[in-house]
Every structure is written in structure tokens, then in C-alpha cells.
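Student: One structure coming up, written as C-alpha cells, with questions to follow.
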Amino acid sequence: MRARGFKRGGVPVDHRAPFKTGPIENAFLPMNAIVQLREHRCAVEPIPVVSVGQEVREGQLLARSAGKASSNVHSPIPGIVRRIETTRTSGGFDSKAILVSLEGSFSMLGKRPERYLWKSLNKADISHIVQDKGIVRVSSGEPLYEILSERSDAPGFVMVVSALEMDPYRRTEEELLALRAEDVVDGCAIAARMALPARIMFAVDERIEPATLEPLRELAARSELDIAIQPFRRRFPQDLPGQIAEAMDIADPGTLFIIEPSTLVALHEAVVSNKPHIEQYVYVGGGSIKRPAILKARIGAPIGDLIEECGGFSGHPETIVIGGPFRGRAAADLDAPVTRTTRAVLALSPEETKSAPERPCVRCGDCVDACPEGLSPYRLLKLLRSGRPDDALAAGLGRCSSCGSCSYACRSRIPLVRYFDEARQNEVRR
Amino acid sequence: MNCTKLELRSYPPFIHDWKTSAKAAWICSATLVPVALWSSVLYGRIAVVTWLTAVAAALVAEAAASALTRRWTLGDGSAVLTGLLIAAAMPPGAPWYVPVASAAFAILIVKAAFGGLGANWMNPALAGVAFAYANWPAHMREYVLPRFVAGVDGVTAATPLTFAKGLAGGLDIKVMDALRGASYPLSAIDGAVTGFLNDSLFSRLSARLPDGYIDLIIGFKPGALGESALLAVALGSIVLVSLRLIKLEIPLAMLAVFGLLARLFGTGLPGEGFLAGDAMFAMSGGSLLLVAFYMAADPVSSPVGRGACLLYGASIGALSFVFRRWGAFTEGVAYAVLVMNVTVPFIEKAATGLRLKRGGVA
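Taken in order, these protein sequences are the chains called S and H. If you count by the numbering used here, then the first sequence holds residues 1456 to 1885, one letter each, in order. If you count by the numbering used here, then the second sequence holds residues -10 to 351, one letter each, in order.
Here's what the structure looks like:
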């Protein structure tokens, strides 16, 4: 099938960092797990149901969801609750965190997973399990039961299972499609039972291995679902809803419900194996990591532990990033914990960041060529700097999706997207 | 939100394109090195002195501006580039104070006084050259023949363009024959290359390249330092375009419009009819190529946006033709760019058709 792509702008990501494929390894259990209760700036904080000094089992409920966008949080390891305190997350907001020290015996590890037949469960049963097990959408941190029930109220949408990872590093979702295709398609069926999409589309990279694609195609054909597999061109930010809609000639990106294979695997494990969301597939890589790999890590594990498992640093990393290189966040230190939205940990070398001192705009127009929304970032910046946010909004600032293509391309290394984000935050506050 | 300095440095995206403003300026400068070398071969010591004084003066001026504004800006490479471009527009053997004054004017008045790199609305190098033309018209129009052509240093001669301009109408001869008649020697290289091209390539297309054009292209003619190395300039332009360092639309539109107009209306030479202008003579003489790729396409003083760039380039092409064909001097290209620099805000607005409620945005 012909690969589709968005029409203008973007950044080519042709080269992918070398990476050895193979079975996904389980990361070592952390000695101390720091479990963040909020995944999202706007989420209501879940209420802790354990107290300091209490012994907890692996998978025991630590905090109960308490309103919009909050989800149940479970203990990733067996142990003792040492501290409950508010910390600053790498996302830049404050959240309560529960520190659990490893102690006692394991109930899940090494045990044969339970296998329930989910087909007999109805929508309400599944929804209850998903809420109970604290499954969140890995790409956004929103509770899955919440967004799925919102969708089921407005049928006629397209469920996009997006294995698109538009940067030179990550390929977790593609690996999951290769290694756990059955679970992904099964998870897809579970989600479809909850939300009833009009159709389902698997969005894959145009250069996906045929060895991955063929079994997936067979599974899709065998399932009772209406699944299409659509390749997309490898160009950042093809993975954003707006660009997927543009590539598919769909006018309203709101009719797309985007979910990624890793979320479907978590959903599948919750429903079939009764497992809470305490594990996360994390790509550990970047030019300063000795042996890049995908690790199945426990929530709360410090990213430093994962880096050590991948052979540690080679050379001196300039930045350590949690999430993708375009839209991720800088890690404050190596103790930053893995959360349910940590999809990658990247240690980037100076050759990759190519950082340079900020200089004045030289009007080269590279940002205009890079913007996938057809905006003129240099002009928006000029308007904002001369104190005219209303004119900037009139010139299309509201259409900016913060993808970061302009900042990537800027010759003068002006953090354009940072100014745009701040301007819009001020706008919301007004 | 608390925005400490650390957060400012660590905002996504964390990876960047290889291009930086400084790298772009240094690469541009590097592509001018072959031009400097070739002109030095052609003219010897006088050329070397002009290149070095222009660059040194630009660096000193930039350092002075840095000291005044307390912002160290020598590393961004723009000063060296400005110096090189000024030297490229100098006639060989111009007195030392001409490039020095031009560079100082370009960097201190045109660039620094308006707020430094990125804030100048005129191309500094071109403004410096125009300054020199205005101040020392005699020095700026005193050209010598290259050593190879004359056999000795310092034989004064008019540039082919000036010579062609001086040809009175009515004489029904081609400009090249007229040049020969006025004792411009034809080099052996020209004879050999033209003969080879005619025998191997053009004869099959039943065309014939007249003698003399190869001399124009390799610089065996009187001219400014940058003009004499047309091949090196072309090579540098290819590097700039293939690295996507300049807005290609500008030189393309400029050369296309200029060439078309020259073909249509002639270059003012005798023996040219309507629709039969000597476009090749017009394009290969003077500093058209250098100005097109290095100065008109300078990002800071040119518009942003494909449509705006095409309009801007086409206007420069048309204006240069008008200035050169009917103006007083042959070097109208520089003035055409300067005139269009001033109109950039209007061009951007016209091309994007944007209307802003209060005032304009330049």
C-alpha cells in the first residue's frame, strides 16, 4: 500500500540510531521505587490509601483515583512504604510521590501469568477492570477508561493504533508489533468492545520490516475487527494527530482516537492477566548510551538504573531526556523515576544535540519551511517580542502544535516553541 | 511557572539541524577563498593586499562594535564574510583606504548601528561598496589588465562592460569583435577551449561559440576581484545551494529575469536587434553572479517566503537590467539590490497578502 504523509514542513528523520533487536529484557527491580501519583499537569491528585511504614505487596493499590484525569496507582514492587511527599516531576509540575523500598517476596515475578477469557466480559466489566488496574494511555498519561468512555459516547471515530515513532531513536512500538502482535490485536479488540470505533487503522512506518508486517496482516485478517494497516512516511511530526489526519485527508483530527501498541499491551495484561499498570516499556538509547535497548521496567525505577543496565554512558552526555528528542523533557537528575508515560530515556551527546549559542534571527526562513502547520514562526516570535500576543494569535499561534520543528531547524538556536508555549499559557491565564 | 536559566537551556527539542548562523557565514566565507586565490593569481600582490586589508578592517570594526555593545560577536563569522565580499567588489589596486573605509562603514554604520547581526535592513557589504562608489568614483572605476594578459603589471584598461557601453551606435559589429579591435588580447586558453567546445560539442548542435567568452569567464579581462573568478564564484554558489544555505529562489528569479530582458532588449551594444541581445555577454560580464548568490540571497536583508523571494529576485533582475542598460554606470546590480532591500517589508506583505490590524510588521 502507498505510504501516506502530511503535506508540508516537518523534519526528515531518515537515519535511525543503530540498535540490536531481540527479546525485550526485564529490567532489574529497583531497590527503591518512587511512584508518582500524577501523570499529567491537569490531573486531580489520587489519594494515597497506604501510610508510611506499611508493608505492601507487589501490585497493591497505593492511591485511589480522585476525579478527572486521575487514575489508580499500584505498588510496582513488594516492600515497605518509606515516604509520601510532594516532588517536582520532570514534566515541570508538582506531584505527590510514594517511595517504596524493596522487601519481601514477589507475587507476580516468575509466576505463570493468569489467563482469563475476556470474550465473556461485557463493556461494564472491562471498563471496571481498566479503571481498577490504573491503565493510562502511555502517550498522554490520561486514564484509559476515561478516554475510552468519552469516545463510546460519540461513535463514528477511527481508532488509530499508532506505531509511529518519528525520531531517530525509539522503536518500542514497532518492536511490540513484532514481538507481541497477538496481544496488541487482542488488546485492540478489548478497546473496541469498550468504545466501538467505526474502523481501526494500524499506523506503521513506511520502512517497517516485512517480517513484522506479514504476521500482523494475518492476525488482522483473522480477527473479527475491521482493521486496515496503513504505512506512513517517516518524517517528524507524522505521529501527531493533526498530521495523521492530514495524511489521511480527514478534515477533523478529533475523529481520530490514537492509541499506541504499548498501551494496548498494558490493557491486554490488565484484562487477561489481572495485572495493574506497574510496568513500562522504555527505550534507553542515544549516542551516549553504550548498548541501547528496550527494557521492560517497573514504574518508579530511577532512570539511572536503566542506563546502568544498558552499559552506562559512553562519553559525556550533554542532556538526558525523558521521552522523545523533539517533545520530551530534560531529566533533572538520574534519580528521576520511570512513570507510566516514560517511553524513552535518551542520553544525547553534543554531536546529537548540536547545541550552539543563541543568536539573533537572521531571517533564513528555515522555520517557515519546517512548520507542518504552515505558520511563520519567525514572525510570530517578532510579534510576541514586540508585545503583541493578540496579533500573534491572529497570525495563527493557536494552530501551533508545539511539535518543535521550528526550533529544530532554527539556525540561530532560538527556542521558538518555548516562547509559543509560554505565550499560550499566558493566554489561558488571562 | 518558575523559569530558571537551567530550564531555558533544557527546553525541547533537544536535537537540532546541523546548520547554525555562524556555520553558514563561515561556509560562505570558505567558498570565497577560491575566488580570492584565483584573483591573486591573476593580479598578484595588489589583489592579496586588497583581500587582506578588507578582511582585517572588517574584523577590527566588528571588534570595536563588540566592545561598544559589550557583546562578543566575532565568532558569528559575519564580519569576515562582509570583509571578503567588500574585497570582491574592489578593483585590483584600489588604494588601501577604500576597502578599509568601506568595511568600517558596512560594519559600524549599516550593521552595528541598527542593532547588529539580524537587525540590518541593508546588506552591509553592498552598502559598503556603494559607499566606496560614492566617495571614490575614480578609484572604483580604474581597472587594470591581469598579468597574464598584459604581460606586465598595472596596464590600465576599461572593463568589457564599460567598454561596450562606450561603443557608439551605428557600428554594425559584434561586441567581441569590437573588443578585439580595441586591442583586448585574446588568450591562448580562450582559443584552445573555444575551439575544443566548438569541435566536440557545439558543432553537433550546429552552433558556434565566438571567441572571447572563455576569457570573460576565467577572468582574463579587467574587472573587480570577485568578477575575475566567475568559475570559482559559480562553484561556491553550487556549494551554497546544495547545502541549502541560501534562498535559491532569489538568484534564480534574478538571473532568469535579467537574462530574459537582456535577450529581449539587448545590452545596448551595437549590432543587436530586438530579441537578439547578447545575454551571455551581459551575464558573464560584471559581478552579476557574485551579487546574485552572495549578496541578493543574503538571508538577513531579503524577504522570507517562497513567493516573496521570487518577487524580490525578479525585481532585482529587472532593476539591474534597467540600471545597467540605461544607467550611468555599468555596476547597477549592487544598487538594484540595495533599492530592493528597502522594499522587503512591502514585498513580504504583497506576497503573503497578510493584513494586520494595526500597522505593519517588517
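All C-beta atoms in this analysis are idealised placements derived from N, C-alpha and C, irrespective of residue type, glycine included. As the structure is a computational prediction, the values presented were derived from the model and not from experiment.
To the nearest angstrom, report how far apart ASP1845/S and ILE1705/S are at their CA atoms.
Tutor: Roughly 29 Å between the two C-alpha positions.
Student: 8 Å is my cut-off, CB to CB: does TRP15/H come that close to chain S?
Tutor: No, its Cβ sits nowhere closer than 8 Å to a Cβ of chain S.
Student: Please identify, using Cβ separations under 9 Å, the residues of the segment 1847 to 1871 of chain S that lie next to chain H, in order along the chain.
Tutor: Against chain H - using a Cβ distance shorter than 9 Å - the residues of the segment 1847 to 1871 of chain S are ALA1849, ALA1850, SER1857, CYS1858, GLY1859, SER1860, SER1862, TYR1863, ALA1864, CYS1865, ARG1866, SER1867, ARG1868, PRO1870.
Student: Does DSSP put TYR1738/S in a helix, a strand or coil?
Tutor: Of the three classes helix, strand and coil, the one that applies to TYR1738/S here is strand, per DSSP.
Student: Considering Cα atoms alone, identify which of GLU1630/S, PRO1670/S, TYR1624/S, SER1604/S is closest to ILE1645/S.
Tutor: Of the listed residues, the one whose Cα sits closest to ILE1645/S is SER1604/S.
Student: DSSP three-state label for MET79/H, please.
Tutor: Here MET79/H sits in coil by DSSP.
Student: Measure the alpha-carbon distance for ARG1459/S versus PHE1687/S and round it to whole angstroms.
Tutor: Answer to the nearest angstrom: the Cα atoms are 5 Å apart.
Student: Mind reading off the beta-carbon distance from ILE96/H to ALA50/H? Whole number of angstroms is fine, and I expect it under 8 Å.
Tutor: About 4 Å; that satisfies the 8 Å criterion.
Student: Quick one: is LYS1574/S buried, meaning 16 or more other Cβ sit within 10 Å of its Cβ, or exposed?
Tutor: LYS1574/S should be labelled exposed.
Student: Using DSSP bridges, identify the partner residues of PRO1792/S.
Tutor: Note: PRO1792/S sits in a beta bridge opposite PRO1757/S.
Student: I want to verify the contact list: residues of chain H whose CB lies under 9 Å from the CB of GLY1783/S, in sequence order.
Tutor: The answer, in chain order, is PRO1, PRO2, PHE3.
Student: For the segment 291 to 311 of chain H, enumerate the residues whose C-beta is nearer than 7 Å to any C-beta of chain S, in chain order.
Tutor: Answer in chain order: VAL293, GLY294.
Student: Quickly, what does DSSP pair LYS1751/S with across the bridge? List them, please.
Tutor: In the DSSP output, where bridge partners are listed per residue, LYS1751/S has ASN1481/S, TYR1736/S.
Student: Over what stretch of residues does the beta strand (DSSP E) that includes GLU1656/S continue unbroken?
Tutor: Inspection of the sequence shows that residue 1656/S is occupied by Met rather than by Glu. First-last of the beta strand (DSSP E) with MET1656/S: 1654 to 1660.
Student: Rounded to the nearest angstrom, how far is the Cβ of VAL38/H from that of TRP85/H, given a contact under 8 Å?
Tutor: Contact flag correct, Cβ pair sits at about 7 Å.
Student: How should GLN1693/S be labelled, buried or exposed, when 16 other C-beta atoms within 10 angstroms of its C-beta is the threshold for buried?
Tutor: Answer is buried; the Cβ neighbour count reaches 16.
Student: By a C-beta neighbour count over all protein chains shown, 10 Å radius and 16 as the cutoff for buried, is GLU1806/S buried or exposed?
Tutor: Classification for GLU1806/S: exposed.
Student: Given a cut-off of 8 Å on the beta-carbon distance, is the pair ASP65/H and ALA11/H in contact?
Tutor: Contact flag set, yes.
Student: How many whole angstroms separate the CB atoms of VAL1585/S and LEU1722/S, which I take to be in contact at a CB cut-off of 8 Å?
Tutor: About 6 Å separates the two Cβ atoms, so the contact holds.
Student: In chain order, what residues of the same chain lie with their CB nearer than 6 Å to the CB of ALA25/H, ignoring the 5 residues before and after it?
Tutor: Taken in chain order, the residues that qualify are TRP40.
Student: Have a look at PHE335/H and MET111/H and give me their C-alpha separation to the nearest angstrom.
Tutor: Cα to Cα, the separation comes out at about 15 Å.
Student: So with CB distances below 8 Å, who are the chain S contacts of LYS338/H?
Tutor: Simply none; closest approach about 11 Å.
Student: Can you tell me whether DSSP reads HIS1583/S as helix, strand or coil?
Tutor: Correct three-state label for HIS1583/S: helix.
Student: Helix, strand or coil for ASN1487/S, going by three-state DSSP, please let me know.
Tutor: In this structure, ASN1487/S counts as strand in the three-state DSSP scheme.
Student: Quick check on SER1550/S: does DSSP put it in helix, strand or coil?
Tutor: DSSP places SER1550/S in strand when its eight states are reduced to three.
Student: Give the residues of chain S in contact with VAL289/H, contact being defined as C-beta atoms less than 7 Å apart.
Tutor: Those within 7 Å of VAL289/H in chain S are VAL1817, ARG1818.
Student: Excluding the five sequence neighbours on either side, which residues of its own chain have a C-beta within less than 7 Å of the C-beta of GLU1661/S, listed in chain order?
Tutor: Excluding positions up to five away in sequence, the list reads ALA1458, PRO1686, PHE1687, ARG1688, ARG1689.
Student: Mind checking whether ALA1878/S and ALA1847/S have CB atoms under 8 Å apart?
Tutor: Their beta carbons are under 8 Å apart, which means ALA1878/S touches ALA1847/S by this criterion.
Student: So which residues of chain S does ALA11/H contact, with C-beta pairs closer than 8 Å?
Tutor: The answer, in chain order, is ALA1811, ARG1814.
Student: Are at least three pairs of beta-carbons, each pair with one atom in the segment 1648 to 1665 of chain S and one in the segment 1735 to 1749 of chain S, less than 8 Å apart?
Tutor: Verdict: no, contact absent.
Student: Could you pull the start and end residues of the beta strand (DSSP E) that ALA1518/S belongs to?
Tutor: Segment 1516 to 1519, the beta strand (DSSP E) holding ALA1518/S.
Student: Contact between the segment 298 to 308 of chain H and the segment 239 to 253 of chain H is defined here as three or more beta-carbon pairs at a separation below 8 Å; is this criterion met?
Tutor: The segment 298 to 308 of chain H, when compared against the segment 239 to 253 of chain H, does touch it at the 8 Å Cβ threshold.
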